[in-house]
Amino acid sequence: MNAEVMITNIGYTLAAWAGIQGAYALTILLLGSVMIEYYDWSIYEKPETLYQKSINVFFASLLGIGPYIYKRISRYNWFSRKLLMIIFLFLFMIVSIYVYKFIIFILKTLFL
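Here the working numbering is used: the first residue of the sequence shown is 13, the next is one more, and so on.
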């Protein structure tokens, strides 16, 4: 496998990760506390074993940005929460595009 194929695969992986984060944050915007409850059910409050810690790390890295932001803005009223979540989604989309382009540029500069 050559470097160009690897860079392309890394780009697909980064795009998929950002897409999963954004999609879960969008479902949190639409469904609110229902999705937060499901997220809380999937993680361990006080992990004791390596398995429990690895599950927490996996879910936090795969789905974590949406629940984290929603919990941070949960003190505001319903309308403000929805507005702040829309602003966050818009900013997340822009930042993830720039991060994707930057990482691909660095990889192409280093390896091609």
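Just so it is clear, CB atoms sit at the ideal spot from N, CA and C, and this is done for glycine as well.
Model, not experiment: these values are computed from the prediction.
Item	Value
According to DSSP, simplified to helix, strand and coil, what is arginine 93?	helix
Report all residues from its chain with a CB closer than 7 Å to the CB of threonine 39; omit the five preceding and five following residues, and keep chain order.	Met47
Counting pairs of Cβ atoms below 8 Å between the region 100-115 and the region 54-67, do you hit three or more?	no
Using a threshold of 9 Å, state whether the C-beta atoms of tyrosine 82 and alanine 37 are closer than that.	yes
Throw me the rounded Cβ distance for the alanine 15 and phenylalanine 123 pair, which I believe falls under 8 Å.	4 Å
Quick check on phenylalanine 91: buried or exposed, where buried means 16 or more other Cβ atoms within 10 Å of its Cβ?	exposed
Straight-line CA distance for glycine 76 to threonine 121?	31 Å
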